[in-house]
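Enquirer: Below: one structure in structure tokens.
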Amino acid sequence: MKWKGKDLFDLVCRALGLRETWFFGLQYTIKGMYTWLKMDKKVLDQEIPKEDPVSFQFLAKFYPEKVEEELLQEITQHLFFLQVKKQILDEEIYCSPEATVLLASYAVQAKYGDYDPNFHEPGFLAQEELLPKRVLRQYQMTADMWEEKISAWYAEHRGIARDEAKMNYLKIAQDLEMYGVNYFPIAQNKSDTDLLLGVDAKGIHVYSINNRFSPNKSFEWSGIRNISYSEKELTIKPLDKKAEVFKFFSSQLKVNKLILQLCIGNHDLFMRRRKVDSIEIQQMKAQAREEKARKKMETQRLAREKQLREEAERAKEELERRLFQMEDEARQANEALLRSQETAELLAEKAQIAEEEAKLLAQNAAEAEQERQRLEITALKTKEEKRLMEQKMRETELIAVKLVKESDRRAKEAEHLKQDLHEAREAERKAKQKLLDVTKLNYFHVARYPHHSPADTRDVNFDKGCVKMDLKDVDLKRLSFEIERERLDYLEKSKKFEDRLKELKSEIQALKLEEKQTGLYSHWSEVLGSLDRSIGNAPSWMKTFGVGDLFDTNLKKPFPAYPLNAASSWPCTNKSQHTVPVEKSTFQTNTLVASNVGTGTRKQIIKVQQHDSDVIYI
Numbered sequence: 005m006k007w008k009g010k011d012l013f014d015l016v017c018r019a020l021g022l023r024e025t026w027f028f029g030l031q032y033t034i035k036g037m038y039t040w041l042k043m044d045k046k047v048l049d050q051e052i053p054k055e056d057p058v059s060f061q062f063l064a065k066f067y068p069e070k071v072e073e074e075l076l077q078e079i080t081q082h083l084f085f086l087q088v089k090k091q092i093l094d095e096e097i098y099c100s101p102e103a104t105v106l107l108a109s110y111a112v113q114a115k116y117g118d119y120d121p122n123f124h125e126p127g128f129l130a131q132e133e134l135l136p137k138r139v140l141r142q143y144q145m146t147a148d149m150w151e152e153k154i155s156a157w158y159a160e161h162r163g164i165a166r167d168e169a170k171m172n173y174l175k176i177a178q179d180l181e182m183y184g185v186n187y188f189p190i191a192q193n194k195s196d197t198d199l200l201l202g203v204d205a206k207g208i209h210v211y212s213i214n215n216r217f218s219p220n221k222s223f224e225w226s227g228i229r230n231i232s233y234s235e236k237e238l239t240i241k242p243l244d245k246k247a248e249v250f251k252f253f254s255s256q257l258k259v260n261k262l263i264l265q266l267c268i269g270n271h272d273l274f275m276r277r278r279k280v281d282s283i284e285i286q287q288m289k290a291q292a293r294e295e296k297a298r299k300k301m302e303t304q305r306l307a308r309e310k311q312l313r314e315e316a317e318r319a320k321e322e323l324e325r326r327l328f329q330m331e332d333e334a335r336q337a338n339e340a341l342l343r344s345q346e347t348a349e350l351l352a353e354k355a356q357i358a359e360e361e362a363k364l365l366a367q368n369a370a371e372a373e374q375e376r377q378r379l380e381i382t383a384l385k386t387k388e389e390k391r392l393m394e395q396k397m398r399e400t401e402l403i404a405v406k407l408v409k410e411s412d413r414r415a416k417e418a419e420h421l422k423q424d425l426h427e428a429r430e431a432e433r434k435a436k437q438k439l440l441d442v443t444k445l446n447y448f449h450v451a452r453y454p455h456h457s458p459a460d461t462r463d464v465n466f467d468k469g470c471v472k473m474d475l476k477d478v479d480l481k482r483l484s485f486e487i488e489r490e491r492l493d494y495l496e497k498s499k500k501f502e503d504r505l506k507e508l509k510s511e512i513q514a515l516k517l518e519e520k521q522t523g524l525y526s527h528w529s530e531v532l533g534s535l536d537r538s539i540g541n542a543p544s545w546m547k548t549f550g551v552g553d554l555f556d557t558n559l560k561k562p563f564p565a566y567p568l569n570a571a572s573s574w575p576c577t578n579k580s581q582h583t584v585p586v587e588k589s590t591f592q593t594n595t596l597v598a599s600n601v602g603t604g605t606r607k608q609i610i611k612v613q614q615h616d617s618d619v620i621y622i
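Written as structure tokens, this is what we have:
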């Protein structure tokens, strides 16, 4: 009950551990007007609210000119940081939008420390009040966009301690125009209130009602000689006696008392700053410097420890990564070992197979070498046989040409013989006609001359006729003998040619099995074609017997299914077939066939034709 205002104030300062008490005071509100608790009067004797309990606000009553030099204790800095921050957010201190974002980033640094993207995820500032409502209304930006801008500045403050971030906040704030100024409405006469009176750490300032940034008139503490009030009138006397005394009026007497109280406190601090520090202040500054150095060392130590911890974490992560990598490499090595073992087994199997294949290839190579040698020998033999065959074919061609020439010669001889035969027959006919005429003449003579002896006449005529008949018979016998002799001669030559053809057939059959690709058969086909052409050029008397057509027909027919008869050189027919005897002067045909000549689609047939005129046609 007997406590004064100072007793309550000291109790609060001791509870907070605050030694820089001259900046602060206990504020309360009475009848809509705030005022400060007086230190030298009892608490209950002052006009405090009649409440139970009575509420006071512990606030900074006076502001330093330079926060970095005057605010020594950390608790003092913290209390000023909280009050200035609240004034900016409540728009009691005007701040530009750019400066508010920067101040908000320092406030986040002071609260959360260094920025960590893994911990400070998007949305961690959603519940924080960091910007004035005026700034939020001024820009059409979402909360996420503001958070992104603040986080961008916040990330740049990495490494700044929390108390240093608060001091940087206050350094920026003390340069604002409305920082530390207490405004009161005043008027130059009793009726008007068109001015504002501002009291701060540097002096007294007069503002227009619409402009709190630039004062119209200022009175520094060093230029003021006296301040006094009388009722609602307040007088400011400059130190220069020639200067004009400034008088103004406030709305209430209590306002003048509050203005005077603030002026006295700011003036005392102004004068204390310009005097030698007291022992207490010196001790506090020394302690502050020691604390600052200790904190700096602690900060450096923490920074080193943090760096070492980060390096250790990085090293741990690197070791874990290397361990994982080594485990992975070990696993891959095991898998590679297993694969190599499987590959070794497979290679062993392949080597065994390759060895067997090598043996087989060596055997095949030996066989191939033997086959090559055999083929070389065969090639040599084939070349020799080919040469012999070509020689034989040339001989055959010569024989064929000779046969054709002989055939032409024989044809001519046959024509001459036929002509002679015709002449002989014509002579025989004439002889018979003469004989008939003689007979008729004798008969007529006997009838006409009966005195002649018939026997004499018959004898004479008979002798003449016999002579002529004997001559004709001799000619016929001679022609028949010559024809028979030539027929036998030609049959012998044909037999020889047939044997030669059989030999050629056997040789062609042997060559067909060994030399299928040598092209001899095409050459043989050409030979046979030449034979065909030779037959095509045969004389007309051969064509009358249909020899050419027979060749063409037989060449187009398939080979007969019966072999050659070696004994007779004529083909053996089937059992169902038989030979019909042919009368004299009929055309008899015997056929010699060489079957299966060649390997191609074309089949060659050799025909030997014989007729009763003893001429053989090939």
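The numbering of the sequence shown is the working numbering, which starts it at 5 and goes up by one.
C-beta: ideal position from N, C-alpha, C; glycine also.
Among the residues of its own chain, which have a CB less than 6 Å from the CB of E55, if the five just before and after it don't count?
Expert: Taking the sequence shown and counting its residues from 1, one reaches residue 55 at position 51. Once the five neighbours on either side are set aside, E55 has no close Cβ partner at all.
Enquirer: According to DSSP, simplified to helix, strand and coil, what is F13?
Expert: Translated into the one-based positions of the sequence shown, residue 13 becomes position 9. Reduced to three states, the DSSP call for F13 is helix.
Enquirer: Closest to S484 by C-alpha separation, out of L421, K500, E430, F501, would be which residue?
Expert: Along the sequence shown, read from residue 1 onward, the residue named residue 484 stands at position 480. Checking every option, the nearest Cα to that of S484 belongs to L421.
Enquirer: Starting from E224, follow the alpha helix (DSSP H) in both directions and report where the run begins and ends.
Expert: As a position in the sequence shown, residue 224 is number 220, starting the count at 1. That residue, E224, is in no alpha helix (DSSP H); its beta strand (DSSP E) goes 221 to 224.
Enquirer: Comparing alpha-carbon positions, which option in P57, S226, R138 lies nearest T104?
Expert: Indexing the sequence shown from 1 puts residue 104 at position 100. Of the listed residues, the one whose Cα sits closest to T104 is R138.
Enquirer: Assuming contact is defined by CB atoms lying nearer than 8 Å, are L201 and F252 in contact in what I supplied?
Expert: Numbered from 1 along the sequence shown, position 197 holds the residue referred to as residue 201. Numbered from 1 along the sequence shown, position 248 holds the residue referred to as residue 252. Yes.
Enquirer: Determine whether the beta carbon atoms of Y233 and N220 lie at a separation below 8 Å.
Expert: Reading the sequence shown from its first residue, position 229 is the one you call residue 233. Reading the sequence shown from its first residue, position 216 is the one you call residue 220. In this structure, N220 does not lie closer than 8 Å to Y233 by Cβ.
Enquirer: Among Y38, N214, F85, L425, which has the Cα closest to the Cα of K175?
Expert: Start at 1 with the first residue of the sequence shown, and residue 175 comes out as number 171. Of Y38, N214, F85, L425, the residue nearest in Cα terms is F85.
Enquirer: Step through the CB atoms of chain B and report whether any lies within less than 8 Å of the CB of S344.
Expert: Of the protein chains in this structure there is only one, and it is not chain B.
Enquirer: Assuming H209 is part of the alpha helix (DSSP H), what are its boundary residues?
Expert: Within the sequence shown, residue 209 is the residue found at index 205, counting from 1. H209 -> not in any alpha helix (DSSP H); beta strand (DSSP E) instead, spanning 207 to 212.
Enquirer: According to DSSP, Y494 sits in a beta bridge with which residue or residues?
Expert: The residue labelled residue 494 in the question sits at position 490 within the sequence shown. None; Y494 has no bridge partner.
Enquirer: With the cut-off set at 8 Å, would you say D258 and M37 are in Cβ contact?
Expert: Your numbering for residue 258 matches position 254 in the sequence shown. Your numbering for residue 37 matches position 33 in the sequence shown. Note that residue 258 corresponds to Lys in the displayed sequence, not to Asp. Yes. Within cutoff.
Enquirer: Evaluate the contact criterion for the region 362 to 371 versus the region 486 to 495: three or more CB pairs, one atom per stretch, below 8 Å.
Expert: Touching, no, given that fewer than three Cβ pairs across the two stretches are closer than 8 Å.
Enquirer: Pull up the distance between the alpha-carbon of A108 and that of Q329, whole angstroms please.
Expert: Mapped onto the sequence shown, residue 108 falls at position 104. Mapped onto the sequence shown, residue 329 falls at position 325. Taking the straight line from one Cα to the other gives about 44 Å.
Enquirer: Between which two residues does the alpha helix (DSSP H) carrying N270 extend?
Expert: In the sequence shown, the residue the question calls residue 270 occupies position 266. Segment 257 to 277, the alpha helix (DSSP H) holding N270.
Enquirer: Bridge partners of M37, per DSSP?
Expert: Stepping through the sequence shown from its first residue, residue 37 is reached at position 33. Looking at the DSSP assignment, M37 forms a beta bridge with I34.
Enquirer: Could you spell out where the alpha helix (DSSP H) holding A159 opens and where it closes?
Expert: For the purposes of this step, residue 159 is identified with residue 155 of the sequence shown, where counting begins at 1. Taken as a continuous stretch (DSSP letters only), the alpha helix (DSSP H) holding A159 covers 147 to 160.
Enquirer: Tell whether a beta-carbon distance below 8 Å holds between I154 and L134.
Expert: As a first step, residue 154 is located in the sequence shown; it is residue number 150 there, counting from the start. As a first step, residue 134 is located in the sequence shown; it is residue number 130 there, counting from the start. Yes. Within cutoff.
Enquirer: So, helix, strand or coil for F631, using DSSP?
Expert: Nothing about residue 631 can be read from this structure; the chain reaches only from 5 to 622.
Enquirer: Rounded to a whole number of angstroms, what is the C-alpha to C-alpha distance between K500 and R378?
Expert: Translated into positions along the sequence shown, residue 500 becomes position 496. Translated into positions along the sequence shown, residue 378 becomes position 374. Cα-Cα distance, rounded: 36 Å.
Enquirer: When the Cα atoms are used, what is the spatial distance from F223 to K6?
Expert: For the purposes of this step, residue 223 is taken as the residue at position 219 of the sequence shown. For the purposes of this step, residue 6 is taken as the residue at position 2 of the sequence shown. In a straight line, the C-alpha of F223 is about 40 Å away from that of K6.
Enquirer: Between C267 and I208, how many whole angstroms is the CB-CB distance? I'm expecting something under 8 Å.
Expert: Within the sequence shown, residue 267 is the residue found at index 263, counting from 1. Within the sequence shown, residue 208 is the residue found at index 204, counting from 1. Right, their Cβ atoms sit about 7 Å apart.
Enquirer: Output the distance between the C-alpha atoms of V16 and F28, rounded to the nearest integer angstrom.
Expert: As a working note, residue 16 is residue 12 in the sequence shown. As a working note, residue 28 is residue 24 in the sequence shown. Here the alpha carbons of F28 and V16 stand approximately 11 Å from one another.
Enquirer: Taking only three categories from DSSP, how would you classify E295?
Expert: By 1-based counting over the sequence shown, the position of residue 295 is 291. E295 falls in the helix class under three-state DSSP.
Enquirer: Does DSSP put L364 in a helix, a strand or coil?
Expert: Numbered from 1 along the sequence shown, position 360 holds the residue referred to as residue 364. The answer is helix: DSSP assigns L364 an H, G or I state.
Enquirer: Assess contact between the region 170 to 184 and the region 59 to 75, defined as three or more Cβ pairs (one per stretch) separated by less than 8 Å. Is contact present?
Expert: yes
Enquirer: Let me know the secondary structure DSSP gives I164 once reduced to three states.
Expert: Position 160 of the sequence shown, counting from 1, holds the residue named residue 164. Here I164 sits in coil by DSSP.
Enquirer: Taking just the CA atoms, how far does L351 sit from K363?
Expert: On the sequence shown, residue 363 is found 359 positions in, with the first residue counted as 1. On the sequence shown, residue 351 is found 347 positions in, with the first residue counted as 1. Taking the straight line joining both Cα atoms gives about 18 Å.
Enquirer: Since K45 is in the beta strand (DSSP E), which residue starts that stretch and which ends it?
Expert: Counted from its first residue, the sequence shown places residue 45 at position 41. No beta strand (DSSP E) holds K45; DSSP gives it neither H nor E.
Enquirer: Classify Y110: buried if its beta carbon has 16 or more other beta carbons within 10 angstroms, exposed otherwise.
Expert: Numbered from 1 along the sequence shown, position 106 holds the residue referred to as residue 110. It is buried - the Cβ of Y110 has at least 16 other Cβ atoms within 10 Å.
Enquirer: Could you check the C-alpha separation between K406 and R429 for me, to the nearest Å?
Expert: The residue given as residue 406 occupies position 402 in the sequence shown. The residue given as residue 429 occupies position 425 in the sequence shown. Cα to Cα, K406 sits roughly 33 Å from R429.
Enquirer: Determine which residues share a DSSP beta bridge with L200 and list them.
Expert: Position 196 of the sequence shown, counting from 1, holds the residue named residue 200. BP columns for L200 point to P189, Y211.
Enquirer: Are the beta-carbon atoms belonging to L273 and W26 less than 8 Å from one another?
Expert: Here residue 273 refers to the residue found at position 269 of the sequence shown. Here residue 26 refers to the residue found at position 22 of the sequence shown. Yes, they are a contact pair.
Enquirer: Alpha helix (DSSP H) containing L238: first to last residue?
Expert: Residue 238 sits at position 234 when you count from the first residue of the sequence shown. According to the DSSP assignment, L238 belongs to no alpha helix (DSSP H) but to the beta strand (DSSP E) extending over 237 to 242.
Enquirer: Is DSSP giving R216 helix, strand or coil here?
Expert: Residue mapping note: residue 216 aligns to position 212 of the sequence shown, counting from 1. Reduced to three states, the DSSP call for R216 is coil.
Enquirer: Does the beta-carbon distance from E78 to D14 come in below 8 Å?
Expert: In the sequence shown, counting from the first residue as 1, residue 78 sits at position 74. In the sequence shown, counting from the first residue as 1, residue 14 sits at position 10. Contact check for E78 against D14 fails: the beta carbons are separated by 8 Å or more.
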